[in-house]
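Data first, discussion second: the structure below is written as structure tokens.
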Amino acid sequence: MWMERIPLNQSFYEKSALELAPALLGKLLVKETADGMASGIIVETEAYMGAEDRAAHSFGNRRTRRTEIMFGKAGSVYTYQMHTHTLVNVVAAEIDTPQAVLIRAVEPVDGLHLMEQRRKGRKQLEWTSGPGKLTKALGIAMSDYGTHFTRRPLQICEGWPEGAFEVVSGPRIGIDNTGEARDYPYRFWVKDNAYISK
DNA sequence: GGGATGATCCCA
DNA sequence: GGGATCATCCCG
Numbered sequence: 416m417w418m419e420r421i422p423l424n425q426s427f428y429e430k431s432a433l434e435l436a437p438a439l440l441g442k443l444l445v446k447e448t449a450d451g452m453a454s455g456i457i458v459e460t461e462a463y464m465g466a467e468d469r470a471a472h473s474f475g476n477r478r479t480r481r482t483e484i485m486f487g488k489a490g491s492v493y494t495y496q497m498h499t500h501t502l503v504n505v506v507a508a509e510i511d512t513p514q515a516v517l518i519r520a521v522e523p524v525d526g527l528h529l530m531e532q533r534r535k536g537r538k539q540l541e542w543t544s545g546p547g548k549l550t551k552a553l554g555i556a557m558s559d560y561g562t563h564f565t566r567r568p569l570q571i572c573e574g575w576p577e578g579a580f581e582v583v584s585g586p587r588i589g590i591d592n593t594g595e596a597r598d599y600p601y602r603f604w605v606k607d608n609a610y611i612s613k
């Protein structure tokens, strides 16, 4: 499927993580590397609400080298390493309000041959159906840390039309040791999409 | 310098 | 269900 790439404006990102997380569903995540371009429609996200959210890296306004970008401009790229994987977040809210949205799954669109190569031996449904998988498939790496989603090589563009899909929500994944924050319904996904993470 | 800790993935 | 595996953080 071919799709015209129109980057989202700065103003799109200037909202709380709780508003930005569902708003990102249906948008196109695009990464360009020396090998070419790969992209996918965002189908699953999680909001991390900063200082008051025990599950957020920036809980209590914790400010370290890793979380520094969360305090920065909305639309900034926050990548970090989880075990051997890179995970990618979209910084939300205003400067000094350290909120972000984790991109948990995308549906492949462009650069299928690149993704197949990068996710060798796995079925297409396993290429991008998880936060660590999709960064591998798209070629997103720690070198993207601190760049901005309105600029190449890592952009978010217009995607599916508004209202062409149904959004549902529920508790976040993999944050069992965070008290009551564990149960907040801060995870959003496209209903019945095949690429939702397990 | 060192030990503990993960917003995960993959295989058994 | 558990091991891999390693950057990051914090303590000493």
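Counting from 416, one number per residue, gives the positions in the first sequence under my numbering. Cβ coordinates follow ideal geometry from the N, Cα and C atoms, glycine included.
Length of the line joining the Cα atoms of residue i and residue j
i           : j           : result
residue 605 : residue 580 : 7 angstroms
residue 492 : residue 561 : 5 angstroms
residue 611 : residue 602 : 11 angstroms
residue 537 : residue 527 : 13 angstroms
residue 444 : residue 475 : 30 angstroms
residue 466 : residue 481 : 15 angstroms
residue 594 : residue 470 : 9 angstroms
residue 452 : residue 530 : 10 angstroms
residue 587 : residue 427 : 23 angstroms
residue 455 : residue 592 : 31 angstroms
residue 520 : residue 510 : 27 angstroms
residue 442 : residue 419 : 12 angstroms
residue 502 : residue 549 : 8 angstroms
residue 627 : residue 613 : It is not possible to answer for residue 627, since the shown part of the chain is limited to 416 through 613.
residue 484 : residue 433 : 18 angstroms
residue 535 : residue 574 : 27 angstroms
residue 430 : residue 504 : 15 angstroms
residue 507 : residue 609 : 27 angstroms
residue 499 : residue 551 : 11 angstroms
residue 541 : residue 458 : 14 angstroms
residue 496 : residue 576 : 33 angstroms
residue 489 : residue 438 : 14 angstroms
residue 478 : residue 597 : 22 angstroms
Segment limits, alpha helix (DSSP H) that includes residue i
i           : result
residue 443 : Residue 443 -> not in any alpha helix (DSSP H); beta strand (DSSP E) instead, spanning 443-448.
residue 454 : Element bounds for residue 454: not the alpha helix (DSSP H) but the beta strand (DSSP E), 451-463.
residue 427 : 425-428
residue 439 : It is not in any alpha helix (DSSP H) - residue 439 carries neither H nor E in the DSSP assignment.
Selected residue, minimal CA-CA separation from residue i, among the options
i           : options               : result
residue 422 : 565, 592 and 590      : 565
residue 533 : 460, 466, 556 and 512 : 556
residue 436 : 576, 588, 460 and 554 : 460
residue 486 : 426, 463, 516 and 512 : 512
residue 554 : 573, 574, 540 and 525 : 525
residue 584 : 592, 573 and 599      : 599
residue 578 : 440, 613 and 552      : 440
residue 563 : 597, 446 and 575      : 446
residue 449 : 541, 515 and 567      : 567
residue 473 : 514, 540, 498 and 424 : 514
residue 424 : 582, 572 and 539      : 572
Cβ neighbour criterion (16 or more within 10 Å) applied to residue i
i           : result
residue 590 : buried
residue 570 : buried
residue 546 : buried
residue 468 : buried
residue 464 : buried
residue 543 : buried
residue 522 : buried
residue 559 : buried
residue 517 : buried
residue 494 : buried
Checklist line | Entirely enclosed beta strand (DSSP E) segments - the segment 512-595, minimum 3 residues | finding: 514-523, 569-572 and 582-585
Check: At what residue ranges does the segment 461-514 contain a whole run of the beta strand (DSSP E), taking only runs of 3 or more?
Finding: 492-497 and 500-507
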